[in-house]
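Have a look at the structure below, then the notes.
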Amino acid sequence: FYDWYCDLPPASPQTWGEQTDVPESADWYNSGFIMMWGSNVPQTRTPDAHFMTEARYKGTQVVTVTPDYSEASKFGDIWLNPRQGTDAAMGMAMGHVILKEFHIDNPSEYFDDYCRAYTDMPFLVKLEERDGRFVPGRMVRASDFAKNLGEKNNPEWKTVCFDEETGDITVPTGSIGFRWGEEGKWNIVPTDSKTGENIRPRKTLLGDHDDILKVGFPYFGGENHEHDYFQTNDHEDVLDRNIPIKYLDLNGEKVAVACVFDLLCANYGIAREGLGGENVAESYKDNIPYTPKWQENITGVNADKVIQVARAFAQNAHVTKGKSMIIIGAAMNHWYHMDMNYRACINMLVFCGCIGQSGGGWSHYVGQE
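Numbers in this note's numbering are just positions in the sequence shown, counted from 1, shifted up by 2.
Take a look at the structure:
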């Protein structure tokens, strides 16, 4: 029943395991950068629209994303008009820019600290052999290790990572196993669950890896659609990209594992020093999934505009510590594969440390919400 009327977005429980939770519209005023993504605020949230227009008077930049020139479009400092249903491609391209410029080339200390503490980027993922290649499998859990790493309560629901300070495997406090387990350990905090000591979760294995493996990622952008309206961008159905990995002994089995962050960067097609390989972009002008140039053929949006907006969105979040916001609504949720569109937006917010911050995060509104 969660999305029976296409009002609540499935991407929310897919990402967080929780029902959609958003700020009140008064919080728009606290934002430094607002993207109205498929949400026609002046028409569908008329009583609240003044919070958005008033925010502009204090310098908040507004970007509108709509395929048509809607009532909201005229309020945007920049108007992006992707073809209907192609928002995910544009969102992925913006994520490509944010990861490359603010996490790899010139890391934002705020983004880095946020992602280590509050996201799954440091967590380890098993790599599995399938059809002659490695592919990402499931999360590594405490239950995969001898004696469950000392975890007596829900070890199969507790994810693990490396502590950058000690190099040891650790179980950070606050994963889902703790929520339904020990009382008083529900909050996500960067501490070792057994000792209570502070840890610094390792976000990438690059530089401390045992090996570099080719890992396959599925690609669907080359499939021809029954309607000529949707443009394809042909590439192989599976894209092999190099990943830094470590080998672990999991209950007597030698297993290759990778960090979520390294898998993310590879999936976004970002070239990283020391990894090499094919299907990664050295430039935004490379037609490699998921670069700004790649999305241009699919969405019809100029690559330079995508780069400009992604940089501004992330730069504001970097300076304000997460006060970049995406206002989104039922419009995109009424379109095919809406979960992909939403998750591309969610990733941008997570990369920039916006979730959970006043004036930042995602603001999904429908009906009376």
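Ideal placement from N, C-alpha and C gives every residue a C-beta, glycine not left out. Everything numeric in this text was worked out from a predicted model, so none of it was measured.
When DSSP states are grouped into helix, strand and coil, Lys216 belongs to the strand group. Between Gly78 and the set Ala51, Arg345, Val127 and Ala91, the nearest pair of CA atoms involves Ala51.
Judged by DSSP in its simplified three-state form, Glu130 adopts strand. In the three-state DSSP reduction, Arg58 falls in the helix class (H, G or I). The Cβ atoms of Leu129 and Ala260 lie closer than 7 Å to each other.
In the three-state DSSP reduction, Asp29 falls in the helix class (H, G or I). Burial of Phe147 is indicated by the presence of at least 16 other C-beta atoms within 10 angstroms of its C-beta.
Going by DSSP, Gly331 is part of the beta strand (DSSP E) stretching over Ser326 to Gly331. Contact check for Ala346 against Phe104 fails: the beta carbons are separated by 7 Å or more. The C-beta separation of Thr121 from Val352 comes to about 6 Å, placing the pair in contact by the 8 Å criterion. For the pair Pro49 and Lys325, the Cα-to-Cα distance works out to about 23 Å.
In this chain, the alpha helix (DSSP H) harbouring Trp18 covers Ala13 to Trp18. Per the coordinates, the alpha-carbon of His336 lies some 11 Å from the alpha-carbon of Asn343. Comparing C-alpha distances from Pro138 to each of Tyr71, Glu280, Ala28 and Leu266 shows the shortest one belongs to Leu266.
At a Cβ-Cβ threshold of 7 Å, Gly276 and Ile290 do not count as neighbours. Excluding five sequence positions before and after Phe136, the CB atoms of its chain that fall closer than 6 Å to its own CB belong to Leu129, Leu215 and Val217, given in chain order. Distance check between Thr55 and each of Ile36, Trp296 and Val282 places Ile36 closest, using alpha-carbon atoms only. Within the same chain, Phe104, Ser110, Tyr112, Phe113 and Cys354 come within 8 Å of His320 by CB-CB distance, once the 5 residues on both sides are set aside.
C-alpha of Asp236 to C-alpha of Ile245: approximately 23 Å in a straight line. Contact between Lys160 and Glu166 does not hold, since the beta-carbon distance rounds to 19 Å and is not under 8 Å. Of the other Cβ atoms in all chains shown, 16 or more fall within 10 Å of the Cβ of Pro203; this residue is therefore buried. Taking a C-beta distance under 7 Å as the contact criterion, Arg313 and Gly279 do not qualify as a contact pair.
By the C-beta density criterion, Ile330 is buried, having at least 16 other C-beta atoms within 10 angstroms. By the Cβ criterion, the region 62-71 is in contact with the region 81-99, since at least three pairs of Cβ atoms, one from each stretch, lie closer than 8 Å. Ile201 and Trp39 have their C-alpha atoms spaced approximately 37 Å apart.
Within the same chain, Phe35 and Asp79 come within 6 Å of Gln63 by CB-CB distance, once the 5 residues on both sides are set aside. Judged by DSSP secondary structure, His98 falls within the alpha helix (DSSP H) whose first and last residues are Asp89 to Leu101.
The shortest C-alpha to C-alpha distance from Tyr31 to any of Gly358, Met327, Met334 and His366 is the one to Met327. Glu298: member of the alpha helix (DSSP H) spanning Pro294 to Thr301, first to last residue.
Taking 8 Å as the upper bound for CB-CB distance, Ala90 and Trp296 are not in contact here, some 12 Å apart. Between the beta-carbon of Glu228 and that of Thr234 there is about 12 Å, and that puts the pair past the 8 Å contact cut. The three-state secondary structure of Glu255, taken from DSSP, is strand. Look at Met342 here: in three-state DSSP terms it is helix. A residue is called buried once 16 or more other Cβ atoms fall within 10 Å of its Cβ, and Pro157 is buried on that count. With 16 or more neighbouring CB atoms inside 10 Å of its own CB, Arg143 falls in the buried class.
Distance from the CA of Gly363 to the CA of Tyr59, rounded to the nearest whole angstrom, comes to 21 Å.
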